[in-house]
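K.L.:
Numbering (UniProt numbering), first residue to last: 1 to 339.
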Amino acid sequence: MVRTIILGAGFAGISAKLAYPEAILIDEKDYITITPRLIEVIERDLPVSYALMQRKVDLKAKIIGVDFKDKIVKTTEGNIKFDKLIVALGYEQDISKIKGAEKYALKFFSLKDIEYIKNLKESSTVTILGGGALGVELAGALVKRGFKVNVVEAENRLVPYLSSQFSVEVEKILREQGVQIILKAKVEEVKEGEIVTTQGIIKTDYTIFSAGFSGPKIISYIGLTNKNNRMLVDRSLRSIDYDFVYGAGDCANFKEGFIPQSAQIALQAGEIAAKNAKGREIEFKPNQKAIVLKIGDNYVGEIKGMTIKGPIPALMKSFALSMLENKVKKVNEIPYLIL
Numbered sequence: 001m002v003r004t005i006i007l008g009a010g011f012a013g014i015s016a017k018l019a020y021p022e023a024i025l026i027d028e029k030d031y032i033t034i035t036p037r038l039i040e041v042i043e044r045d046l047p048v049s050y051a052l053m054q055r056k057v058d059l060k061a062k063i064i065g066v067d068f069k070d071k072i073v074k075t076t077e078g079n080i081k082f083d084k085l086i087v088a089l090g091y092e093q094d095i096s097k098i099k100g101a102e103k104y105a106l107k108f109f110s111l112k113d114i115e116y117i118k119n120l121k122e123s124s125t126v127t128i129l130g131g132g133a134l135g136v137e138l139a140g141a142l143v144k145r146g147f148k149v150n151v152v153e154a155e156n157r158l159v160p161y162l163s164s165q166f167s168v169e170v171e172k173i174l175r176e177q178g179v180q181i182i183l184k185a186k187v188e189e190v191k192e193g194e195i196v197t198t199q200g201i202i203k204t205d206y207t208i209f210s211a212g213f214s215g216p217k218i219i220s221y222i223g224l225t226n227k228n229n230r231m232l233v234d235r236s237l238r239s240i241d242y243d244f245v246y247g248a249g250d251c252a253n254f255k256e257g258f259i260p261q262s263a264q265i266a267l268q269a270g271e272i273a274a275k276n277a278k279g280r281e282i283e284f285k286p287n288q289k290a291i292v293l294k295i296g297d298n299y300v301g302e303i304k305g306m307t308i309k310g311p312i313p314a315l316m317k318s319f320a321l322s323m324l325e326n327k328v329k330k331v332n333e334i335p336y337l338i339l
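1. Considering Cα atoms alone, identify which of 276, 230, 263 is closest to residue 257.
2. In three-state DSSP terms, what is residue 290?
3. The ligand COA and residue 76: does the residue's C-beta get closer than 8 Å to at least one heavy atom of that ligand?
4. What's the C-alpha gap between residue 94 and residue 101?
5. Taking only three categories from DSSP, how would you classify residue 104?
6. Taking the runs of the beta strand (DSSP E) that are 3 residues or longer, which of them lie wholly in the stretch 218-269?
7. Buried or exposed for residue 313, going by 16 or more other Cβ atoms inside 10 Å?
8. Tell me, please, whether the stretch 115-131 touches the stretch 140-151 by the rule of three or more beta-carbon pairs shorter than 8 Å.
9. Is it a yes or a no for the stretch 259-270 touching the stretch 7-18, going by three-plus beta-carbon pairs under 8 Å?
10. Any contact of the stretch 127-144 with the stretch 177-188, i.e. 3+ C-beta pairs under 8 Å?
11. Can you find the residues in the same chain that come closer than 8 Å, C-beta to C-beta, to residue 308, ignoring five residues on each side of it along the sequence?
12. Report the residue ranges of all beta strand (DSSP E) runs contained in full by the stretch 48-94; include only those spanning at least 3 residues, in chain order.
13. Any chance you could list the beta strand (DSSP E) runs of at least 3 consecutive residues sitting entirely within the stretch 274-326, in chain order?
14. Can you give the Cα-Cα distance for residue 244 and residue 4, rounded to whole angstroms?
15. What span of residues does the alpha helix (DSSP H) with residue 165 cover, start to end?
16. Once DSSP output is grouped into helix, strand and coil, what is the label at residue 11?
17. Which residues share a DSSP beta bridge with residue 334?
18. Kindly indicate which three-state DSSP category residue 149 falls into: helix, strand or coil?
19. Among the residues of its own chain, which have a CB less than 6 Å from the CB of residue 89, if the five just before and after it don't count?
20. Does DSSP put residue 340 in a helix, a strand or coil?
21. Are the CB atoms of residue 63 and residue 72 within a distance shorter than 9 Å?
22. Do residue 41 and residue 103 have their C-beta atoms within less than 9 Å of each other?
23. With distances taken from CA atoms, which of 329, 304, 165 is nearest residue 34?
24. In whole angstroms, what separates the C-alpha of residue 112 from that of residue 31?
25. Using DSSP bridges, identify the partner residues of residue 194.
26. Whole angstroms are fine: how far does the CA of residue 326 sit from the CA of residue 138?
27. Around the Cβ of residue 76, are there at least 16 other Cβ atoms within 10 angstroms (buried) or fewer (exposed)?
28. Note down the Cα distance separating residue 183 from residue 295, rounded to an integer number of angstroms.
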C-alpha cells in the first residue's frame, strides 16, 4: 500500500486529508486557527481562543527535516517513511527587509502577536503597513475600538489586486471612519514613534505590519527549489524537484505563474494535490470565486469583478466561515491512522 504523508494541517492540509483520508496528517498543533476570526478577536476584545478550533491529526509532531533520497520525514516524534508527500506548511511573516521593523514594529502572525495587538493602549495612534485585505479589515477593527489609524500602501490604491471600483469603495468606507490613508508610500525605515516613507515621516504610537507574508523557512531548509520560501510546483502542483512530492496552499507557487495566498485557494489546492498524489493528473486552476471584507460594521465584496455591499456580502462571509468550520469538523470525524 502506498504511504502518503501530508505535512501541515492548515487549510490546504485539512482539504488534502478530506480528499485522501488514508494519508497521514502531521502537524505540531492539535488545533487550527480560523484566521477570519482573528479580526473579530481584536474588534470585540475576545479571548484568542475564540479563533481556534480543535483539529485532529494522525501525528502531533514538529517537522525537522525531510530526506528525499530515502523518502523519510524527520519529526520530533521520530522518523516516518513515505512513498508520496504533500507539503502544506502554510506561511510565515518576514519583516526583516525593512530597516528597524523587527525592533519597532508588530507582526500579525502568531497568537502572541494577536494578543499583544488586542491589548494595545486605546486612543493611541496605530499605523498599519500594507493596504491589502488584512490591513483594511484590521484598520476597521481598530477604529471601532477607538484607535486613531493610518494605513500605508505602496501602490496607488488599496487592495490593488482587486478591481479599481472595489478599491474606491473600500477607501471611501475607511475615510468615513476617520482612517488616514497614505498611498504610493514605500516604507524605508521604522523607528521608535515614527515611520520613514517615500512620502514623508509618519508619527505613530504603534506600527503593525499586515504584509510581508512568504512561505515558511523550512521549505528552503529541506532543499526544495523555491521563491520567497514558496516551493515551486508545476500545474499539477507537483514539485519541480521530485515527482513524488506535491505542494499546496501558501507554501507553494507555480514555477511559471502565480498562486494567490488565501484560505479559499488553499482549500482548492489541498484537494487537487491529494487527488494527484492518488494518481490523477488534474491541472490546478486557482479560482478566487469571491472576496468579502468586513470593515468595522460595513461589508463589501467582489464577485466576478462586480462590487457589492450590504447584507449579501455579510451573508457570503458568514457562509464561507461556516463551510470552513464544517471542513474541520469532517476531518475530526476521520478515524486516527495507526502508524
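For every residue, glycine included, the Cβ atom is placed at its ideal position computed from N, Cα and C.
P.N.:
On the basis of the coordinates in this document:
1. That would be 230, whose Cα lies nearest to the Cα of residue 257.
2. DSSP places residue 290 within a strand segment (E or B) once states are collapsed to three.
3. With respect to small molecules bound, the structure shown includes none, and the ligand COA cannot be examined in it.
4. Going from the Cα of residue 94 to the Cα of residue 101 covers about 10 Å.
5. In this structure, residue 104 counts as helix in the three-state DSSP scheme.
6. Residue ranges of uninterrupted beta strand (DSSP E) with 3 or more members, entirely inside the stretch 218-269 and ordered along the chain, are 230-233, 245-247, 252-254.
7. Classification of residue 313: buried, given that the 10 Å Cβ count is 16 or more.
8. The answer is yes - the stretch 140-151 touches the stretch 115-131, with three or more Cβ pairs under 8 Å.
9. Below 8 Å, enough C-beta pairs join the stretch 259-270 and the stretch 7-18 to call them touching: three or more.
10. Yes, they touch.
11. Only 300, 301, 302 meet the Cβ criterion.
12. Fully enclosed beta strand (DSSP E) runs of 3 or longer: 52-54, 63-67, 72-75, 78-81, 84-87.
13. Entirely contained in the stretch 274-326, the beta strand (DSSP E) runs reaching 3 residues are, in chain order, 290-295, 298-303, 306-309.
14. When only Cα atoms are considered, residue 244 and residue 4 end up about 9 Å apart.
15. That run of the alpha helix (DSSP H) goes 164-176.
16. In this structure, residue 11 counts as helix in the three-state DSSP scheme.
17. Bridge partners of residue 334 according to DSSP: none are assigned.
18. Note: residue 149 maps to strand in three-state DSSP.
19. So the list reads 7, 8, 216, 251, once near-sequence residues are dropped.
20. Given that the chain is displayed from residue 1 to residue 339, the structure contains no residue 340 and the question cannot be resolved.
21. Not a contact, by the Cβ cut-off of 9 Å.
22. No, Cβ-Cβ distance for residue 41 and residue 103 is not below 9 Å.
23. For residue 34, the closest of 329, 304, 165 by C-alpha to C-alpha distance is 329.
24. Their backbone Cα atoms lie some 15 Å apart in a straight line.
25. Paired residue(s): 191, 203.
26. For residue 138 and residue 326, the distance between alpha carbons rounds to 25 Å.
27. When all chains shown are included, residue 76 counts as exposed.
28. When rounded, the separation of the alpha-carbon atoms in residue 183 and residue 295 is 18 Å.
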